[in-house]
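To start, the structure itself, in structure tokens.
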Amino acid sequence: MVIARQDDFSAKARPRQLRRFGQFAVDLFGYPYDKDEIAKIAARIAAGYLLFTKDDRKILRPDREYICSEYVWECY
Numbered sequence: 001m002v003i004a005r006q007d008d009f010s011a012k013a014r015p016r017q018l019r020r021f022g023q024f025a026v027d028l029f030g031y032p033y034d035k036d037e038i039a040k041i042a043a044r045i046a047a048g049y050l051l052f053t054k055d056d057r058k059i060l061r062p063d064r065e066y067i068c069s070e071y072v073w074e075c076y
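Residue 1 is where the sequence shown starts when you use our numbering, and the numbers rise one by one after that.
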């Protein structure tokens, strides 16, 4: 993963954190990358600028479908 290639990753990573990181990443294998999730991400960003109802925001909440950047974010 790209995260592990950062210069200071090994200096900051601890064995327990690495196990947790790796286990979480493996646990998520098989979860779909979802094209609709991209639209939800864009809508969540826009929600900071527009007026959404509480129900609209519920629909836009993150779920267990990921695009690459979200997957990495959750692992990290």
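Virtual Cβ for every residue (Gly too), placed ideally from N, Cα, C. In this text, all values refer to a predicted model and were calculated from it rather than measured experimentally.
{"Asked": "DSSP-derived helix/strand/coil call for TYR71", "Found": "helix"}
{"Asked": "Span of the alpha helix (DSSP H) around ALA42", "Found": "35-47"}
{"Asked": "Exposure label - TYR31; buried when at least 16 CB within 10 Å", "Found": "exposed"}
{"Asked": "Of the residues ALA47, GLY22, LEU50, the one placed nearest TRP73, counting alpha carbons only", "Found": "GLY22"}
{"Asked": "Cβ-based neighbour list, ILE41, same chain, cut-off 8 angstroms, excluding 5 preceding and 5 following", "Found": "ILE67, GLU70"}
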